[in-house]
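Here the sequence shown is numbered in the working numbering, starting from 36 and rising by one per residue. Shown next, in structure tokens, is the structure this report addresses.
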Amino acid sequence: MVFWLVCLVLTLVVAALVVAPLLRAPTVAAENPDVAIYRAQLAEIDRDVARSVLAADEAERAKTEVARRLLAAHKSTTPVGDKTRPALAISVLTVGLVGLLSFGVYWQLGAPGYGDLPLESRLAASAEMRATRPGQAALEAATPVQDPVEVPADYLEAITQLRVIAPTRPDDLEAWELLAFHETELRNFSAAAAAQQNVVRIKGDDADINDLRIQLDLMVVATGGFISPEAEELARDILRRDERNLAARYYLGAMYDQTDRPDLAFRLWRDVVENGDASQFHVANARALISDAAFRAGLEYALPEVRGPSFDDMQAASDMSPQDRQAMIGSMVAGLAERLATEGGPAQDWARLIRAYGVLGNQEAARAVWEEAQQVFVSSMRGMEILTNAARDAGVME
Numbered sequence: 036m037v038f039w040l041v042c043l044v045l046t047l048v049v050a051a052l053v054v055a056p057l058l059r060a061p062t063v064a065a066e067n068p069d070v071a072i073y074r075a076q077l078a079e080i081d082r083d084v085a086r087s088v089l090a091a092d093e094a095e096r097a098k099t100e101v102a103r104r105l106l107a108a109h110k111s112t113t114p115v116g117d118k119t120r121p122a123l124a125i126s127v128l129t130v131g132l133v134g135l136l137s138f139g140v141y142w143q144l145g146a147p148g149y150g151d152l153p154l155e156s157r158l159a160a161s162a163e164m165r166a167t168r169p170g171q172a173a174l175e176a177a178t179p180v181q182d183p184v185e186v187p188a189d190y191l192e193a194i195t196q197l198r199v200i201a202p203t204r205p206d207d208l209e210a211w212e213l214l215a216f217h218e219t220e221l222r223n224f225s226a227a228a229a230a231q232q233n234v235v236r237i238k239g240d241d242a243d244i245n246d247l248r249i250q251l252d253l254m255v256v257a258t259g260g261f262i263s264p265e266a267e268e269l270a271r272d273i274l275r276r277d278e279r280n281l282a283a284r285y286y287l288g289a290m291y292d293q294t295d296r297p298d299l300a301f302r303l304w305r306d307v308v309e310n311g312d313a314s315q316f317h318v319a320n321a322r323a324l325i326s327d328a329a330f331r332a333g334l335e336y337a338l339p340e341v342r343g344p345s346f347d348d349m350q351a352a353s354d355m356s357p358q359d360r361q362a363m364i365g366s367m368v369a370g371l372a373e374r375l376a377t378e379g380g381p382a383q384d385w386a387r388l389i390r391a392y393g394v395l396g397n398q399e400a401a402r403a404v405w406e407e408a409q410q411v412f413v414s415s416m417r418g419m420e421i422l423t424n425a426a427r428d429a430g431v432m433e
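Structure (structure tokens):
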């Protein structure tokens, strides 16, 4: 209510400033200017008579003529009050237009009915939102069930048997790994996440970052993309082991984005977007969301150009035969390698090439690119950090 009162007062003030000049009385003489001239002539005739310059009969005739003209001039005087009527109408119309325009623009661009959001209140609301999020189980229960995958009956029967056998062998790593894989293939993501959790439990201290990342992926997809407190804790655990892990940084950014802290989401996603391979799932998702987060955080950000194989290219490759897909990926990698050799490029492109060779299993080429890139970016601390992460991912870090 206070907001609308302030708007009303400001609108009236602006309208008053606009209308005041229109209502100001125009500077118009109260009588015809000729009236003053004729009166002066009458006074001059009297003075001439007094000085004996003009005869009495001539003075009388002159006065009669001037008096006649003076009477005509009085009749032709325009009343001052008539000029205020058009100004008054224009003033009323102006006030109406200012009011309609002001409230019309606000109705389109503003947020009628939305309460005040000072920074302190927003931060408190965001913290409360994070603290009161539903848990993993509640989110999974609320997530719509995926459409069943069509598979042969004998395959489905084998998986059904595996679902019965695995719980009877709580420490059978192979059984739980198989169950996690096949539940994922069947899009039973909640069951797959539970099976992967057992894989991590069995491995214990031997569980590596990739095991945890798979579990995190499955937990998030099982909740339809929402980051539960359990998934957040797992992401933070991964970051404690590897502070540059792009998957964990992406999911932690998503958690902040979902709880109205786009500023923190942007900080995390910027590192993912600028240092990750755009063909990777987490990086592609961060690229799709970061511009909106930057806008809501009040920041200007230009999304960096993708160079080399894109996420869409990799998606298209998934529909090809293994031979065609390998040829396509190899062609893309060769094109990237040729461009870097002839034109050079930023550290992100060199890192992408190192990772690509690692995915293709060409360790020798990955190592050669890693060694050459070190020479190019030896004086760039940030560049060396990006390249080191890529070399570690490709398995060529010495």
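All C-beta atoms in this analysis are idealised placements derived from N, C-alpha and C, irrespective of residue type, glycine included. Keep in mind it's a predicted model, so treat the numbers as computed, not measured.
The three-state secondary structure of Thr99, taken from DSSP, is helix.
The DSSP-derived three-state label of Ser156 is helix. Restricting attention to Pro297, Ala337, Met290 and Gly333, the CA atom closest to the CA of Val308 is found in Ala337. Distance between Phe301 and Asp206, taken at the CA atoms: about 41 Å. In the structure shown, Gly170 adopts coil according to DSSP, grouped into three states. For Leu221, same chain residues with a beta-carbon under 6 Å away, outside a window of 5 residues either side, are Val184 in chain order. Taking the Cα positions, Pro179 is about 13 Å away from Ala172.
The residue from Val404, Asp295 and Ser137 with its alpha-carbon nearest to that of Gly380 is Val404. A Cβ-Cβ separation of about 4 Å places Tyr291 in contact with Leu299 under the 8 Å criterion. Looking at the backbone, the Cα of Leu213 and that of Asn233 are separated by about 11 Å. Three or more beta-carbon pairs drawn from the stretch 387–407 and the stretch 363–375 are found closer than 8 Å, and the two stretches are therefore classed as touching.
When only Cα atoms are considered, Ala229 and Ala215 end up about 8 Å apart. Ala85 and Ala71 have their C-alpha atoms spaced approximately 21 Å apart. A Cβ-Cβ distance of about 16 Å is found for the pair Gln409 and Gly430, leaving them out of contact under the 8 Å criterion. If you keep only unbroken alpha helix (DSSP H) runs of at least 4 residues inside the stretch 168–219, you get 171–177 and 188–203. DSSP, read as helix, strand or coil, puts Tyr291 in helix.
Ranked by how close their Cα comes to the Cα of Gln383, the residues Gly365, Thr377, Ala426 and Ile249 have Ala426 in first place. One Cα belongs to Asp306, the other to Gln315, and the distance between them is close to 14 Å. Using a 10 angstroms sphere on the CB of Glu93, the tally of other CB atoms stays under 16, which defines it as exposed. Excluding its 5 nearest sequence neighbours in each direction, Ile244 has C-beta neighbours in its own chain below 7 Å: Ile273, Arg276, Asp277 and Asn280, listed in chain order. It is roughly 10 Å from the alpha-carbon of Thr99 to the alpha-carbon of Leu77. Cβ-Cβ distances below 8 Å link Arg104 to Asp69 and Tyr73 in the same chain, with the five nearest sequence neighbours on each side left out; the list follows chain order.
For Asp327, the enclosing alpha helix (DSSP H) begins and ends at Phe316 to Arg331. With contacts defined as CB atoms closer than 8 Å, Phe224 and Leu251 fail to qualify as a contacting pair. For Leu334, there is no enclosing alpha helix (DSSP H), as DSSP marks it with neither H nor E. In the three-state scheme derived from DSSP, where H, G and I count as helix and E and B as strand, Phe412 is classed as coil.
Leu269 sits buried, since 16 or more C-beta atoms from the chains shown fall within 10 Å of its C-beta. Secondary structure note for Met254: its alpha helix (DSSP H) is the uninterrupted segment Ile244 to Ala257. Cα atoms of Val88 and Ala97: separation of roughly 13 Å, rounded to the nearest angstrom. Our two residues, Tyr190 and Arg248, have alpha carbons roughly 27 Å apart in a direct line. Boundaries of the alpha helix (DSSP H) around Leu274: Pro264 to Arg276.
In the DSSP assignment, Asp312 falls outside any alpha helix (DSSP H), carrying neither H nor E. DSSP, reduced to helix, strand and coil, places Leu388 within a helical segment of the structure shown.
Gln181 and Gly170 have their C-alpha atoms roughly 20 Å apart. The DSSP-derived three-state label of Arg222 is coil.
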